[in-house]
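Numbering (the working numbering), first residue to last: 1376 to 1493.
Backbone N, C-alpha and C fix where the C-beta goes; we use that ideal spot for every residue, glycine too.
Quantities reported herein were computed from a predicted structural model and do not represent experimental measurements.
Report on the following structure.
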């Protein structure tokens, strides 16, 4: 059951990531903007789940936190995009991608989890 929960959640997360990233690309013409958005959305949802939700079963926890959020967020894609911009001499955009992804996701987690026990 656990493997199935991760499998289904991961598939839904990956499809969601593609839809969001493609939609943002159509509007902004920046591939990295979609990656930033899915990383922020995924981080926010994961932090909220961690803080406020007590899963009724281990399979539900795996579905949401490992499968869906793991399929949605894209650290490897973020790293590839940042390195590609840097390699192509777009140092400012590469640094901006780094700051926005790490900064926004970190501060969301910091502010949401600041009053919870470790």
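Sequence-distant Cβ neighbours of residue 1450 in its own chain, meaning closer than 8 Å and more than five residues away, are 1414. Residue 1452 carries a helical assignment under DSSP once its states are collapsed to helix, strand and coil. Per DSSP, reduced to three states, the secondary structure at residue 1463 is coil, with no helix or strand assignment.
A straight line joining the alpha-carbon of residue 1430 with that of residue 1440 spans about 10 Å.
Between residue 1406 and residue 1400 a beta carbon distance of about 6 Å is seen, short of the 8 Å cut, so the two are scored as contacting. For the 7 Å CB-CB criterion, residue 1384 and residue 1442 form a contact. Residue state for residue 1408 is assigned as helix, using DSSP reduced to three classes. Leaving aside the five residues that flank residue 1436 on each side, the residues in its chain whose CB is nearer than 8 Å to its CB run, in chain order, 1430. No Cβ-Cβ contact shorter than 7 Å links residue 1483 with residue 1473.
DSSP, read as helix, strand or coil, puts residue 1396 in helix.
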